[in-house]
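Structure, as structure tokens:
Residue numbers (my numbering): -7 to 320.
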């Protein structure tokens, strides 16, 4: 059994893949397994990965898997999870990179703490600018319950820091069915995943490690493309609401889930000019329907707590739903 499996999905990232692969080499160990998943790229990414798989095989265990059709990031990660054999697992995206020696420190943290998973800080890279993004938890190198880190509802917490690659996860979470993503989600795939992890895992810790460099503003990134795939955030957060509503602590946790959902909808509405016109109309329609589905008491509290600009946008959608329903 490898000590660590690293799952790296790639899709049309020929410009960035060489940096990612070089950083893997600088983190290689014969006890590490690199799983390179090409999600049916249409550029030179597959050729780059084929060469890299051969090159890396002298310093680590390597598997290269190519999808016959594009399935999206969640599906590509699941492919990697199904193939992974390591005691610990982690992720990296195909356009990001690592500091040398980061994985050795990450494995050491998992060994020392003995918990289900650890979360780490990371570096955001926008062109030549660098900034540190930290897990919104002050308690470091201390094992405690993931459920405790979901609240309070009115502050940014660990479930808002939804980057799957910012941490490492014990294999027992795979065995419990907690590490796989919702298949086919094209965006916000980390959101139901992180909520499920925090509701159902038993132990975690936050460690002060900086090793992942997250590349922002990539033109080919789905977050930069205003097509219909962006609207998968609705399906992702519907799943968060549905699963949290079935939780034993639903009364405590739902207000946090609803507030987050409302904030994300308001964010997209504030930036709807970057969507194609038809997609923008669909965004408004789907958001209105989502508001109707939310627990209405929690929704009312969320709207009261939001600033005027965001709450006004959502109240207009809410009135639209109410008026339409009354007319019908």
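Just so it is clear, CB atoms sit at the ideal spot from N, CA and C, and this is done for glycine as well.
Does DSSP put residue 205 in a helix, in a strand, or in coil?
-> strand
Residue nearest to residue 22 in terms of C-alpha spacing, selected from -3, 31, 34 and 3 = -3
Cβ-Cβ distance between residue 36 and residue 78 below 7 Å = no
Starting from the C-beta of residue 99, find all residues in its chain whose C-beta is less than 7 Å away, skip the five residues before and the five after it, and write them out in chain order.
-> -5, -4 and 80
Straight-line gap, residue 1 to residue 159 (C-alpha atoms, nearest Å) | 16 Å
Determine, using beta-carbon pairs with one atom in the segment 217 to 234 and one in the segment 194 to 203, whether at least three such pairs fall under 8 Å.
-> no
Exposed unless 16 or more other CB atoms sit within 10 angstroms - verdict on residue 104 | exposed
Hey, how far is the Cα of residue 236 from the Cα of residue 74?
-> 26 Å
If we ignore side chains and look at the alpha-carbon of each, how far apart do residue 305 and residue 88 end up?
-> 35 Å
Per DSSP, which residues does residue 24 bridge with? Please list them.
-> -4
Tell whether a beta-carbon distance below 7 Å holds between residue 58 and residue 30.
-> yes
Assign residue 151 to one of two classes, buried (16 or more other C-beta atoms within 10 Å of its C-beta) or exposed (fewer than that).
-> buried
Distance between residue 148 and residue 157 (C-alpha atoms, nearest Å) = 19 Å
Could you check where the beta strand (DSSP E) with residue 80 kicks off and where it finishes?
-> 80 to 83
Comparing alpha-carbon positions, which option in 44, 209 and 188 lies nearest residue 120?
-> 209
Helix, strand or coil for residue 216, going by three-state DSSP, please let me know.
-> Its pLDDT being 49, under 50, residue 216 is placed unreliably in this model, and the value from its coordinates should be taken loosely. It is helical.
With a Cβ-Cβ cutoff of 7 Å, do residue 179 and residue 224 count as a contact?
-> yes
For residue 3, collect the residues of the same chain with a Cβ closer than 6 Å to its Cβ; drop the 5 residues on either side in sequence, then sort them by chain order.
-> 31 and 33
C-beta contact flag for residue 248 and residue 141 at 7 Å = no
DSSP bridge partner residues for residue 89 (one or two, in chain order) | 205
7 Å Cβ shell around residue 172 - same chain, five flanking residues per side excluded = 70 and 73
Between the CA atoms of residue 108 and residue 134 - distance to the nearest angstrom | 13 Å
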